[in-house]
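Read the structure below first, then the notes.
Numbering (our numbering), first residue to last: 2 to 147.
Right, here's the structure in full:
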């Protein structure tokens, strides 16, 4: 039985990372006309679901560091897409919420993301979407166990 030598370029992890990178690039390009990046969209999306989320929670949902999140929050506030105010219970904590402009932009961004998602679904054909999604979730769960 011949044994294949490991090749990082043909490994599942490497190809998954390439696919993730290509998806991120496509999303950034698609969101650019709205003045958004993927992390900015992630923040607006999270605030739509959970107004007042902490910076730490927003950073986790956007897959960035809390330090990077501070800059994104500041930029979104300067753009008028979110407002922040001090938490009455913890004066140092800033609660962020979408403005009307922020809600409008995130709604448009959802449409952009849906188009990218449709292309992603087309790319996995003839595989079943639910099976691919379940496989990727199992991969995620396997590595989050440790």
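A virtual CB, placed ideally from N, CA and C, is assigned to each residue, including glycine.
Sub-8 Å separation of residue i and residue j beta-carbons
i, j, result
"residue 59", "residue 47", "yes"
"residue 25", "residue 16", "no"
N-terminal and C-terminal residue of the alpha helix (DSSP H) that residue i is part of
i, result
"residue 69", "67–79"
"residue 53", "Looking at the DSSP string, residue 53 is not in any alpha helix (DSSP H), and its letter there is neither H nor E."
"residue 137", "130–146"
"residue 12", "From DSSP, residue 12 is part of no alpha helix (DSSP H); its letter is neither H nor E."
Residue i - partner residues in DSSP beta bridges
i, result
"residue 85", "97"
Residue i versus residue j - alpha carbon distance
i, j, result
"residue 144", "residue 66", "20 Å"
"residue 62", "residue 89", "24 Å"
"residue 130", "residue 72", "36 Å"
"residue 56", "residue 84", "13 Å"
"residue 104", "residue 96", "16 Å"
"residue 80", "residue 6", "52 Å"
For residue i, three-class secondary structure by DSSP
i, result
"residue 90", "coil"
"residue 121", "helix"
"residue 45", "helix"
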